[in-house]
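Engineer:
2 protein chains.
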Amino acid sequence: MTKQAADAARVERILVPVPLGERAYDILIGRHQLCEAAGVIAELAPGARAAIVTDDNLAELHAPALESCLHQAGIATTRLTIRPGEASKSYACFVELCDGLLAAKIERNDLVIALGGGVVGDLSGFAASVLRRGVRFVQIPTSLLAQVDSSVGGKTGINSGHGKNLIGAFHQPALVICDTALLDTLSEREFKAGYAEVVKYGLIDDAAFFDWCEANWRRVIAGGPERDHAVATACRAKAAIVVRDEREDGDRALLNLGHTFAHALERLTAYNSRRLVHGEAVAIGLALAFRFSQRLGLCPGQDAGRVAAHLTSVGLPSRLQDVPGGTGSAAEIVEAMTQDKKVKRGALTFILAHGIGKSFIAPGVPADEVRRFIESELAGA
Amino acid sequence: MTKQAADAARVERILVPVPLGERAYDILIGRHQLCEAAGVIAELAPGARAAIVTDDNLAELHAPALESCLHQAGIATTRLTIRPGEASKSYACFVELCDGLLAAKIERNDLVIALGGGVVGDLSGFAASVLRRGVRFVQIPTSLLAQVDSSVGGKTGINSGHGKNLIGAFHQPALVICDTALLDTLSEREFKAGYAEVVKYGLIDDAAFFDWCEANWRRVIAGGPERDHAVATACRAKAAIVVRDEREDGDRALLNLGHTFAHALERLTAYNSRRLVHGEAVAIGLALAFRFSQRLGLCPGQDAGRVAAHLTSVGLPSRLQDVPGGTGSAAEIVEAMTQDKKVKRGALTFILAHGIGKSFIAPGVPADEVRRFIESELAGA
Numbered sequence: 028m029t030k031q032a033a034d035a036a037r038v039e040r041i042l043v044p045v046p047l048g049e050r051a052y053d054i055l056i057g058r059h060q061l062c063e064a065a066g067v068i069a070e071l072a073p074g075a076r077a078a079i080v081t082d083d084n085l086a087e088l089h090a091p092a093l094e095s096c097l098h099q100a101g102i103a104t105t106r107l108t109i110r111p112g113e114a115s116k117s118y119a120c121f122v123e124l125c126d127g128l129l130a131a132k133i134e135r136n137d138l139v140i141a142l143g144g145g146v147v148g149d150l151s152g153f154a155a156s157v158l159r160r161g162v163r164f165v166q167i168p169t170s171l172l173a174q175v176d177s178s179v180g181g182k183t184g185i186n187s188g189h190g191k192n193l194i195g196a197f198h199q200p201a202l203v204i205c206d207t208a209l210l211d212t213l214s215e216r217e218f219k220a221g222y223a224e225v226v227k228y229g230l231i232d233d234a235a236f237f238d239w240c241e242a243n244w245r246r247v248i249a250g251g252p253e254r255d256h257a258v259a260t261a262c263r264a265k266a267a268i269v270v271r272d273e274r275e276d277g278d279r280a281l282l283n284l285g286h287t288f289a290h291a292l293e294r295l296t297a298y299n300s301r302r303l304v305h306g307e308a309v310a311i312g313l314a315l316a317f318r319f320s321q322r323l324g325l326c327p328g329q330d331a332g333r334v335a336a337h338l339t340s341v342g343l344p345s346r347l348q349d350v351p352g353g354t355g356s357a358a359e360i361v362e363a364m365t366q367d368k369k370v371k372r373g374a375l376t377f378i379l380a381h382g383i384g385k386s387f388i389a390p391g392v393p394a395d396e397v398r399r400f401i402e403s404e405l406a407g408a
Numbered sequence: 028m029t030k031q032a033a034d035a036a037r038v039e040r041i042l043v044p045v046p047l048g049e050r051a052y053d054i055l056i057g058r059h060q061l062c063e064a065a066g067v068i069a070e071l072a073p074g075a076r077a078a079i080v081t082d083d084n085l086a087e088l089h090a091p092a093l094e095s096c097l098h099q100a101g102i103a104t105t106r107l108t109i110r111p112g113e114a115s116k117s118y119a120c121f122v123e124l125c126d127g128l129l130a131a132k133i134e135r136n137d138l139v140i141a142l143g144g145g146v147v148g149d150l151s152g153f154a155a156s157v158l159r160r161g162v163r164f165v166q167i168p169t170s171l172l173a174q175v176d177s178s179v180g181g182k183t184g185i186n187s188g189h190g191k192n193l194i195g196a197f198h199q200p201a202l203v204i205c206d207t208a209l210l211d212t213l214s215e216r217e218f219k220a221g222y223a224e225v226v227k228y229g230l231i232d233d234a235a236f237f238d239w240c241e242a243n244w245r246r247v248i249a250g251g252p253e254r255d256h257a258v259a260t261a262c263r264a265k266a267a268i269v270v271r272d273e274r275e276d277g278d279r280a281l282l283n284l285g286h287t288f289a290h291a292l293e294r295l296t297a298y299n300s301r302r303l304v305h306g307e308a309v310a311i312g313l314a315l316a317f318r319f320s321q322r323l324g325l326c327p328g329q330d331a332g333r334v335a336a337h338l339t340s341v342g343l344p345s346r347l348q349d350v351p352g353g354t355g356s357a358a359e360i361v362e363a364m365t366q367d368k369k370v371k372r373g374a375l376t377f378i379l380a381h382g383i384g385k386s387f388i389a390p391g392v393p394a395d396e397v398r399r400f401i402e403s404e405l406a407g408a
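Those protein sequence lines, which keep their order, are chains F and R. One gets my numbering by counting positions in the first sequence from 1 and adding 27 to each. One gets my numbering by counting positions in the second sequence from 1 and adding 27 to each.
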């Protein structure tokens with residue numbers, strides 16, 4: 028790269044700081060940042076070795092470019108691959124990855140680099156958090172969902188037979204690189220699913236960003252500067268909440284807007300990605316959270332209508348009826364909700380909204396109220 | 028207990044604070060504190076449920092008393108038992124314990140109570156650190172070794188085929204209860220092995236405490252107020268180092284005095300407790316660290332002699348020749364040392380001493396120098 032081109036790349040890179048004291052880090056966002064990242068990583072950990080954790084699909088797609096740039100920056104690498112898909116967030120894969128990192132002689136000053144989507148990030152972040160009681164890790168998310176959600180904030184973990192993400196750690200990354208050009212290789216379905224989490228930040232507390240999404244979503248998908256802006260806005264919003272409440276003792280729960288519904292739907296469709304992927308479940312959950320708020324007399328019907336209409340324009344589902352194969356009865360959906368990690372002593376906690384950009388935490392919502400709402404939804408009311 | 032007796036118990040309880048900011052906690056030391064602890068736990072986590080993790084031996088010995096006191100204090104309990112011994116610090120036992128805690132419906136505001144020695148504390152502390160991304164845990168150490176070393180400072184973990192304690196977390200307890208009366212049930216061998224770690228604190232940076240140990244060790248074993256004083260002094264010393272360097276980036280390495288030798292000896296005796304237990308390996312390691320310091324011209328021979336003489340008086344081993352079945356050659360011992368977690372980029376780091384109470388971190392000690400020293404030790408020089 029010429030100096031001029033390098034300068035241009037630098038200008039186009041957006042830096043979002045996550046000021047978490049001794050755990051502070053930066054999120055770098057822009058097109059073609061993968062190779063740029065190598066230099067930043069080398070500065071972060073001079074002389075370190077890096078274990079790149081990725082999945083079988085991405086290993087061929089992006090890993091060689093990253094490795095070549097890291098080698099040029101003087102960082103020796105080892106590559107560890109996992110099978111793609113949620114099933115890799117298991118105890119067995121965790122043990123295998125830990126032993127793989129030990130066999131690769133990753134020491135306390137070395138790095139684990141997660142190159143992949145949420146599964147790769149969650150699993151390898153957790154392994155990094157416990158390897159020799161904690162080594163640094165770098166997130167290079169390759170899906171939109173991971174860029175705007177799971178790679179930022181330090182939540183890592185695996186699933187148990189008792190539920191999702193029940194075993195894990197809060198382990199902040201040392202650096203997050205969001206190369207938005209990597210998203211060009213995503214399927215339309217996968218990109219749109221990630222987009223649901225982008226819209227979520229507008230709905231939580233940024234009505235102006237929701238307006239912007241309504242006007243610019245096509246350009247976000249197309250991959251122009253609007254995509255970088257959307258990713259940066261999402262990361263900035265998430266970072267602000269994480270800084271206020273790193274360990275989810277309070278405000279961070281706002282990020283669960285739409286998620287109590289979404290997790291229940293994912294459970295009822297047996298985490299079968301042919302029927303429903305996480306972002307699609309979130310899209311339905313967002314629409315439901317606003318309609319539920321409307322039904323409770325908290326939110327204007329106009330706002331709930333705008334939310335559903337925007338998701339529909341984008342091509343995302345927004346109703347229980349949109350789930351292929353159906354969801355089960357209202358009672359089954361409520362039962363699936365009460366298995367959620369966010370349940371405290373049996374009470375249901377929801378994120379509700381007084382309108383677009385005005386969401387809030389509502390603990391102790393009666394299960395009966397939820398069931399009646401879902402019944403009316405299923406009846407198509 | 029009458030009010031008078033309760034007051035007396037309170038007076039005899041020694042409180043050692045561990046001021047680690049938002050992770051601060053107290054160590055409570057004294058005879059018959061097990062039941063007293065229940066009230067403190069109830070204050071710490073009102074309304075919480077507690078999972079008591081213990082081993083098959085201790086389950087009958089101490090668990091019923093603890094459970095009965097916790098129930099009186101309004102804390103519901105579940106008991107989970109593991110098999111005694113180092114083999115329980117495995118991935119398999121970790122997975123089983125995590126799933127056991129989930130099955131017991133331990134939530135984020137609940138507690139894990141480790142009632143046992145180092146194995147119980149290390150395993151259950153690690154499980155607590157990752158359960159729902161971290162729940163609080165309380166250490167109730169039942170061995171002298173655990174009371175003065177492993178229960179304080181937040182190091183938790185399990186072993187991998189690649190080495191000991193390679194997978195784990197820094198997860199500080201919320202409370203440590205050292206009931207020194209529990210130590211009455213230890214075998215003489217186990218008590219003395221723990222005593223090696225007590226003496227260590229005098230050798231690190233407290234010459235006056237080493238003098239006190241020489242004068243009072245019989246009363247420490249007998250179980251009078253001297254035992255409480257010894258445990259409290261050790262805990263206070265460990266807490267001070269942990270507060271200076273929680274994650275072992277510097278000073279905390281001083282706690283490894285004698286341990287580079289000790290870990291090698293444990294490895295070479297295949298962690299066979301019939302041949303050598305950890306504290307006995309540490310006793311030999313302490314004597315070797317001082318004789319090695321003497322050989323390097325760093326430490327007066329008189330001090331090295333006093334260390335070995337004290338260990339011998341107590342009935343602890345202090346020479347390589349004291350290991351039943353032998354240790355292997357000098358080359359094998361050095362090889363076993365280089366497999367240690369404390370090796371940074373191949374250089375051997377030792378804790379050496381300028382004299383009793385004057386230890387320091389010596390990075391980059393040449394392996395050849397170590398080998399020649401061990402050869403002379405094996406030759407009985």
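All C-beta atoms, glycine included, are put in the ideal place defined by N, C-alpha and C. From a predicted model like this one, the values you see are computed outputs, not experimental measurements.
Going by C-alpha distance, which of Gly161/F, Tyr52/F and Gly352/F is nearest aspartate 137/F?
Structural biologist: Gly161/F
Engineer: Within its chain, find whatever has a CB closer than 6 Å to the CB of methionine 28/F; leave out the 5 residues flanking it on each side and keep chain order.
Structural biologist: Any reading at methionine 28/F must be qualified, since the residue scores a pLDDT of 46, below 50, and its modelled position is unreliable; the value itself is stated next. Nothing listed; no residue qualifies.
Engineer: Using three-state DSSP, classify isoleucine 140/R as helix, strand or coil.
Structural biologist: strand
Engineer: Would a check of beta-carbon distances place isoleucine 194/F closer than 7 Å to chain B?
Structural biologist: Included in the structure are the protein chains F and R, with no chain B among them.
Engineer: Hey, quick one: how far does the alpha helix (DSSP H) through aspartate 206/R stretch, first residue to last?
Structural biologist: Segment 202–206 is the beta strand (DSSP E) holding aspartate 206/R; no alpha helix (DSSP H) there.
Engineer: Select from Ile383/F, Ile56/F and Cys62/F the residue whose C-alpha is nearest the C-alpha of aspartate 238/F.
Structural biologist: Ile383/F
Engineer: Can you list, in chain order, the residues of its chain with a C-beta nearer than 7 Å to that of leucine 71/F? Leave out the 5 residues immediately preceding and following it.
Structural biologist: Closer than 7 Å at Cβ, skipping near neighbours: Ala201 and Leu202.
Engineer: Which class does asparagine 299/F belong to by DSSP, given the choice of helix, strand or coil?
Structural biologist: coil
Engineer: Indicate whether at least one CB of chain R lies closer than 7 Å to the CB of valine 122/F.
Structural biologist: yes
Engineer: As an exercise, report each continuous beta strand (DSSP E) stretch of at least 3 residues that is fully enclosed by the region 254–329 of chain F, in chain order.
Structural biologist: none
Engineer: Any contact between the region 236–256 of chain R and the region 351–362 of chain R? By contact I mean 3 or more CB pairs, one from each, below 8 Å.
Structural biologist: no
Engineer: Any beta carbon from chain R within less than 7 Å of valine 157/F's own beta carbon?
Structural biologist: yes
Engineer: For threonine 169/F, name the three-state secondary structure that DSSP assigns.
Structural biologist: coil
Engineer: If you measure from the beta carbon of glutamate 396/F to each beta carbon in chain R, is any gap under 7 Å?
Structural biologist: For glutamate 396/F, no CB of chain R lies under 7 Å from its own CB, so it is not counted at the interface with that chain.
Engineer: Would you tell me roughly how many angstroms separate the C-alpha atoms of glycine 184/R and leucine 129/F, rounded to the nearest one?
Structural biologist: 15 Å
Engineer: Would you kindly work out how many angstroms separate the C-alpha atoms of arginine 346/F and serine 214/F, rounded to a whole number?
Structural biologist: 22 Å
Engineer: Taking alanine 103/R as the reference, give the member of Leu85/R, Ser117/R and Ile79/R with the closest Cα.
Structural biologist: Ile79/R
Engineer: Let me confirm a value: proline 390/F is counted as buried when at least 16 other C-beta atoms fall within 10 Å, else exposed. Which label applies?
Structural biologist: exposed
Engineer: Are there 16 or more other CB atoms within 10 angstroms of the CB of histidine 98/R, so buried, or fewer, so exposed?
Structural biologist: exposed
Engineer: What's the call for glycine 152/R, buried or exposed, on a 16-neighbour Cβ count within 10 Å?
Structural biologist: buried
Engineer: CB-CB under 6 Å to leucine 193/F, same chain, minus the five flanking residues each way: which ones, in chain order?
Structural biologist: Ser187
Engineer: Count the C-beta pairs between the region 251–259 of chain F and the region 398–408 of chain F that are closer than 8 Å, then say yes if the count reaches three, no if not.
Structural biologist: no
Engineer: Going by DSSP, what residue range makes up the beta strand (DSSP E) through lysine 191/R?
Structural biologist: 190–197
Engineer: Which residue from Phe236/F, Ala141/F, Val304/F and Val139/F puts its Cα closest to that of arginine 216/F?
Structural biologist: When each option's Cα is compared against that of arginine 216/F, the closest is Val304/F.
Engineer: Any residues in the region 35–67 of chain F with a beta carbon nearer than 7 Å to a beta carbon of chain R? Which ones, in chain order?
Structural biologist: none
Engineer: Please name the residue, chosen from Ala65/F, Cys125/F and His89/F, that lies closest to alanine 100/F on a Cα-to-Cα basis.
Structural biologist: Ala65/F
Engineer: What residue range does the beta strand (DSSP E) around alanine 65/F cover?
Structural biologist: No beta strand (DSSP E) contains alanine 65/F, which is instead part of the alpha helix (DSSP H) from 61–71.
Engineer: Taking all protein chains shown into account, do 16 or more other C-beta atoms lie within 10 angstroms of the C-beta of lysine 132/R, making it buried, or fewer, making it exposed?
Structural biologist: Classified as exposed, lysine 132/R has fewer than 16 neighbouring CB atoms from the shown chains inside 10 Å of its CB.
Engineer: Can you list, in chain order, the residues of its chain with a C-beta nearer than 6 Å to that of arginine 302/R? Leave out the 5 residues immediately preceding and following it.
Structural biologist: Counting only Cβ-Cβ distances below 6 Å, and skipping sequence neighbours, we find Thr296, Pro351 and Gly352.
Engineer: Quick one: Cα of alanine 155/F to Cα of histidine 337/R, how far?
Structural biologist: C-alpha separation (whole angstroms): 43 Å.
Engineer: Of all the CB atoms in chain F, is at least one closer than 7 Å to the CB of histidine 337/R?
Structural biologist: By the rule that beta-carbons nearer than 7 Å mark a contact, histidine 337/R does not touch chain F.
Engineer: Classify aspartate 83/R as helix, strand or coil using the three-state DSSP reduction.
Structural biologist: helix
Engineer: Please list, in chain order, the chain R residues whose beta carbon lies closer than 7 Å to that of lysine 116/F.
Structural biologist: Residues of chain R whose Cβ lies closer than 7 Å to the Cβ of lysine 116/F do not exist, since the nearest Cβ in that chain is about 13 Å away.
Engineer: Please report the distance separating the alpha-carbon of leucine 325/R from that of leucine 282/R.
Structural biologist: 19 Å
Engineer: Sorted by chain position, which residues of the same chain lie with C-beta nearer than 6 Å to aspartate 206/R's C-beta, five sequence neighbours on each side aside?
Structural biologist: Gln60 and Leu61
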